[in-house]
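In the working numbering, the protein residues as written are 121 to 537.
Put into structure tokens, the structure is as follows:
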């Protein structure tokens, strides 16, 4: 499972749904339970911030490209920093490292809150503040995933992953809707303050944890550097892994148009209010939760190759439906289809990235996979924003949807299993 504290990640689904009492077993661990509860509130703040930032850009800029660049500002730091972040995180004790990164994100969120409160936030300031928070999220990701695996017994890892996925998907479904209603009922700045405050719980947890953690020795860190170089060389020669990266790039590059342009499309073209836009984004989250329920069955019945080809077909249909049938009824159906498609593609690709290589290479493989995923999202968001300026929002959805459909035929030649 790939998870990120920042709302970008639109890209997390629960890969394994534990059943019965085993699902809740990790919560018996005091440290995991405290961290999980704090992360629930933090995830809510994150998804509220994502909605708030895009809606604020709709208000202060009439350019759909600027709205799309909010998504780029969220994801570009992960593309740039996720691999160096993994190397740095291995050199320091992870709780202290996570404390510093979350404190930095909290300060960036606080600064953005002040700018919005006093109505002095320009589009450039909003993008820069979002970029800074994204940098903190990028630095957090490798250390977060590594740290979580140390808190529970090996046999409880799948249950812990499922609980984290439930937390993230709950926030994804509820956060944007709450943010939309807050923006309409009170002040937009309230959303940014809630996000800034949401970091406090995790900061306190990591502060307590860091007091009992142990730093790796310099010798241990130095011994790992040569193996890292050899590992990346090995990954570049693996045919299935290259096929996985190709599917990842194509899917996220094309489908990023929905995430980056939906607020502008809803606000500018459909004249929706903030609460309605929040509900639209929440509908995608609900679709992702629903899709996660069907993922295990679909994996068993049609296999990963077909699942990761069916997902872009579903996303393509959702994009074309939005552009072609720009009516409220069809928009809601498209949002649910988008959530289902994301659940299928992310779950399928995540599981393949984690399972196709030896255990000692998985962390580095996931870093490369994340870099491609977020790099494609960043580049795609910028491109579709530019397309929307010259040819319109509907054209951007149509072109990206057509690209996904065409890509399916190409991807058939490079199976991942």
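Glycine included, each C-beta is placed from N, C-alpha and C at the ideal position.
Quick one: grab the DSSP three-state call for residue i.
i	result
residue 331	coil
residue 307	coil
residue 538	Only positions 121 to 537 of the chain appear in the structure, and residue 538 is not among them; the question remains open.
residue 391	coil
residue 535	coil
residue 414	helix
residue 114	There is no way to answer for residue 114, as the model of the chain reaches only from 121 to 537.
residue 419	helix
residue 289	helix
residue 184	helix
residue 138	Confidence at residue 138 is low in this model, with a pLDDT of 42, below 50, so the placement of that residue is unreliable and no value is reported for it.
residue 273	coil
residue 211	coil
residue 478	coil
residue 150	helix
residue 468	helix
residue 512	coil
Can residue i and residue j be called in contact, C-beta distance under 8 angstroms?
i	j	result
residue 431	residue 518	no
residue 296	residue 257	no
residue 235	residue 245	yes
residue 300	residue 394	yes
residue 415	residue 464	yes
residue 403	residue 452	yes
residue 173	residue 260	no
residue 536	residue 428	yes
residue 291	residue 152	no
residue 178	residue 293	no
residue 439	residue 520	yes
residue 361	residue 476	yes
residue 375	residue 524	yes
residue 241	residue 323	no
residue 215	residue 326	yes
How long is the line joining the alpha carbons of residue i and residue j, rounded to whole angstroms?
i	j	result
residue 272	residue 330	17 angstroms
residue 506	residue 380	11 angstroms
residue 268	residue 389	43 angstroms
residue 435	residue 458	5 angstroms
residue 105	residue 522	The structure shown does not extend to residue 105, since the chain is modelled only from 121 through 537, so no value can be given for it.
residue 163	residue 219	16 angstroms
residue 310	residue 531	45 angstroms
residue 358	residue 225	36 angstroms
residue 473	residue 485	7 angstroms
residue 302	residue 308	7 angstroms
residue 455	residue 213	41 angstroms
residue 180	residue 243	7 angstroms
residue 287	residue 170	17 angstroms
residue 228	residue 253	6 angstroms
residue 467	residue 190	25 angstroms
residue 513	residue 391	14 angstroms
residue 441	residue 378	11 angstroms
residue 149	residue 433	41 angstroms
residue 156	residue 405	19 angstroms
residue 384	residue 289	23 angstroms
residue 192	residue 276	35 angstroms
residue 161	residue 283	14 angstroms
residue 264	residue 400	29 angstroms
Would you decide whether residue i is buried or exposed? Buried here means 16 or more other CB atoms lie within 10 Å of its CB.
i	result
residue 238	exposed
residue 412	buried
residue 270	exposed
residue 510	exposed
residue 417	exposed
residue 339	A caution first: residue 339 carries a pLDDT of 46, below 50, which makes its placement in the model unreliable, though a value can still be read off. When all chains shown are included, residue 339 counts as exposed.
residue 305	exposed
residue 221	buried
residue 146	buried
residue 546	Since the displayed the chain opens at 121 and closes at 537, residue 546 lies outside it and no answer follows.
residue 328	exposed
residue 367	buried
residue 449	exposed
residue 478	exposed
residue 262	buried
residue 421	exposed
Taking 7 angstroms as the line, does the beta carbon of residue i fall inside it for any heavy atom of the ligand PLP?
i	result
residue 223	The ligand PLP is absent from the structure shown, which contains no ligands of any kind.
Q. Do the stretch 500–517 and the stretch 182–194 meet, that is, are 3 or more Cβ pairs less than 8 angstroms apart?
A. yes
Q | contact_flag[the stretch 197–212, the stretch 481–498] where n(CB pairs < 8 angstroms) is 3 or more | A | yes
Q. So does the stretch 308–320 actually touch the stretch 159–175, counting three or more Cβ pairs closer than 8 angstroms?
A. yes
Q.
Three or more C-beta pairs under 8 angstroms: does that hold for the stretch 207–216 against the stretch 350–361?
A. no
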